[in-house]
Amino acid sequence: MEYTVNLRKAVLVTSRFKRTKKAVKALKEFVMRHTKAKIVKISQELNKFIWKRGGRKPPTKFTIVVTKEGDTAFVDLKK
Numbered sequence: 302m303e304y305t306v307n308l309r310k311a312v313l314v315t316s317r318f319k320r321t322k323k324a325v326k327a328l329k330e331f332v333m334r335h336t337k338a339k340i341v342k343i344s345q346e347l348n349k350f351i352w353k354r355g356g357r358k359p360p361t362k363f364t365i366v367v368t369k370e371g372d373t374a375f376v377d378l379k380k
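Take 302 as the starting number for the sequence shown in this note's numbering and just add one per residue.
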């Protein structure tokens, strides 16, 4: 499944130094809510994309691809 994730509201509410950590948590919550998965694993490529600009300025909107196997959802960046 493909999703376009908009994390702007989740990111701008938190303090500047914790924005990227909050973006990762919000992404995991988004995937859990939409796939009903209990475990969410983010690919290394997606993690590097989110942390690319540091802890203060994560991307606010991007497209992901989610595959689900049992209770685990694997999240990757759309190429």
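Glycine residues also receive a C-beta, built at the ideal position from the N, C-alpha and C atoms.
This one's a predicted model, so the numbers in the text were calculated from it and none came from an experiment.
Check	Outcome
Endpoints, beta strand (DSSP E) assigned at T368	362–370
CB-CB length for I343 against V306, believed under 8 Å	About 12 Å; that fails the 8 Å criterion.
Sequence-distant residues of the same chain with beta carbon closer than 7 Å to F331, five excluded per side	V306
G371 versus R334 - alpha carbon distance	15 Å
Sheet register partners of L378 (DSSP bridge)	I365
Per-residue DSSP class, three states only, for K342	strand
Euclidean distance between Cα positions of N348 and K358	14 Å
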